[in-house]
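Q:
Spelled out as structure tokens, the structure:
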């Protein structure tokens, strides 16, 4: 049945299956969280607590994910940070077992919701992470406190401060999830699993003893070194470490208060605003206004051809030298082939793929290649008629580390000219390339972002 409380909160659906209450998160495409969902969960908890017919409560996501975290589009312009605490505190007051059934992404606030549950089931393709540092903030719903009470400190810091993503096998090994399933009907398997657990005692994560380590100080120091190496100039990773340390040394409540203060500091920082700019630029990049052509064969060449080959074969694309469509695959500092569509890989850490095409490149083929290379990076930038990264490099002289005002101005002017000529789709694409290919500091958001910031 659907309760009146659920009807008033459209993104949440409550049904009863026997003595199990099922709360479904339903905010397509990835069940991102926002105020209505937080308030709906907080409202449902006492209702279910006092319902004698309910013996357990199961959280599950609709569609292809559990929840990919906070809806940045809704929360980026808020005057106050978005906190899930009202919902999670209400969950902590429930005296019936809470279950999370996780398929697809459980990221950011989605993972923090799952961590507040007492038992967790994962599907084979589940992914777990706290990627808030990618947008210049830290986990803000007790993620820095609950995670190290479930998995070892070193790995918890990897996730909270460096953005590591865990897959299902590692989550099971670390104890992040209790069981896994490979059943095709995940929802049915989750309901059966939760019903079988309803007699178990509750075990609030906040009450777990921290997984102690004799080398805790060395672990904190190693995490700070890794963050400085992998995320130079970024302050959010160090603040995430500070939040974890506060909870480790002073207890859960003190850690939560430290986390609240630190996430509030991050939210309004120039760094967070710049990194949100890059986040949204990544999601806007690589769009082609044509349906992709079905690819049956490719001729691959270049120093990184074997990186793309297995992806093509998995898509049932034959690799042969006489194929009509030729793709040259190279590294960041190499030059595009003059007569072949070229894919430039700017390094795994940067997560950016660049495609250099002829101006008259068939749009359907380009769309197909852009879709094919998607697994190789977080975003794809397309240069029409040129290799954008080389054009940007040619605009400046001297070491790329010296991002002086003159250096930034030269990159900005060149990038804007590339956009005006149609070679680049947007100024966001230019900023992404300057960060990934030229080493422009990510916390600054890119040269054109900086120019616009100075002008505002």
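Numbering (the numbering used here), first residue to last: 2 to 457.
All C-beta atoms in this analysis are idealised placements derived from N, C-alpha and C, irrespective of residue type, glycine included.
(1) Based on the DSSP output, what are the partners of residue 49 in its beta bridges?
(2) At a cut-off of 7 angstroms, is residue 352 close to the ligand FAD when judged by its beta-carbon and the heavy atoms of the ligand?
(3) I need the straight-line Cα distance from residue 454 to residue 186, nearest angstrom please.
(4) For the region 264 to 319, which segments carrying the beta strand (DSSP E) assignment without a break, of at least 3 residues, lie completely within its bounds, in sequence order?
(5) Roughly how many angstroms separate the alpha carbons of residue 241 and residue 23, rounded to a whole number?
(6) From the DSSP output, in three-state form, read off residue 18 for me.
(7) Checking the sheet assignment: what are the DSSP bridge partners for residue 382?
(8) Tell me the rounded alpha-carbon separation between residue 315 and residue 281.
(9) In chain order, what residues of the same chain lie with their CB nearer than 8 angstroms to the CB of residue 273, ignoring the 5 residues before and after it?
(10) Spatial neighbours of residue 313 within its chain, please: C-beta separation below 7 angstroms, excluding the five flanking residues on both sides.
(11) Name the two residues that bound the continuous alpha helix (DSSP H) containing residue 107.
(12) To the nearest angstrom, how far is the alpha carbon of residue 87 from that of residue 40?
(13) To the nearest angstrom, how far is it from the Cα of residue 387 to the Cα of residue 163?
(14) Per DSSP, what kind of secondary structure is residue 120 in: helix, strand or coil?
(15) Of all the options 436, 18, 448, which has the alpha carbon lying nearest to the alpha carbon of residue 233?
(16) Provide the residue span of the beta strand (DSSP E) that contains residue 99, from first to last.
(17) The beta strand (DSSP E) that contains residue 328, what's its start and end?
(18) Look up residue 258 in the DSSP assignment and say whether it is helix, strand or coil.
(19) My output table needs one value for residue 10: the three-state DSSP class, helix, strand or coil.
(20) What does the Cβ neighbour count give for residue 3, buried or exposed, with the cut at 16 atoms within 10 Å?
(21) I'd like the span of the beta strand (DSSP E) that includes residue 57, first residue to last.
(22) Kindly indicate which residue of 254, 434, 363, 264 has the alpha-carbon position closest to the one of residue 333.
(23) Grab me the residues of residue 343's own chain with a C-beta within less than 6 angstroms of its C-beta, minus the 5 sequence neighbours each way, in chain order.
(24) Give a yes or no on whether the C-beta atoms belonging to residue 355 and residue 390 are separated by under 8 angstroms.
(25) So residue 443 is in the alpha helix (DSSP H); what residue range does that whole segment cover?
(26) Three or more C-beta pairs closer than 8 angstroms, one from the region 277 to 296 and one from the region 152 to 163: is that the case here?
(27) Which residue's Cα is closest to the Cα of residue 169: 68, 225, 106?
(28) In terms of residues, what are the limits of the beta strand (DSSP E) holding residue 130?
(29) I think residue 382 touches residue 430, with their Cβ atoms under 8 angstroms apart; what is that distance to the nearest whole Å?
(30) Going by DSSP, which residues form a beta bridge with residue 346?
A: Considering the structure as presented:
(1) For residue 49, which the question treats as bridged, DSSP gives no partner whatsoever.
(2) This structure lacks the ligand FAD; in fact it carries no ligand of any kind.
(3) 50 angstroms
(4) You should have 298 to 302.
(5) 33 angstroms
(6) strand
(7) 355
(8) 29 angstroms
(9) 136, 137, 138, 237, 267
(10) 299, 320, 373
(11) Taken as a continuous stretch (DSSP letters only), residue 107 belongs to no alpha helix (DSSP H), being part of the beta strand (DSSP E) at 106 to 108.
(12) Whole-angstrom Cα-Cα distance: 7 angstroms.
(13) The straight-line gap from Cα to Cα measures roughly 34 angstroms.
(14) strand
(15) 436
(16) 99 to 103
(17) 327 to 332
(18) For residue 258, the secondary structure class from DSSP, reduced to helix, strand or coil, is helix.
(19) Bear in mind that the predicted position of residue 10 carries a pLDDT of just 49, short of 50, making it unreliable; the figure below should be weighed with that in mind. It is coil, neither helix nor strand.
(20) Note that residue 3 scores a pLDDT of 36, beneath 50, so its modelled location is shaky; the value from the coordinates is reported in the next line. If you draw a 10 Å sphere on the C-beta of residue 3, you find fewer than 16 other C-beta atoms in it, and that means exposed.
(21) 57 to 62
(22) 434
(23) 329, 337, 357
(24) yes
(25) No alpha helix (DSSP H) holds residue 443; DSSP gives it neither H nor E.
(26) no
(27) 106
(28) Run containing residue 130: 128 to 130, per the beta strand (DSSP E) assignment.
(29) Separation of the CB atoms of residue 382 and residue 430 is rounded to 5 angstroms, and the pair is thereby assigned contact status at 8 angstroms.
(30) 332, 354
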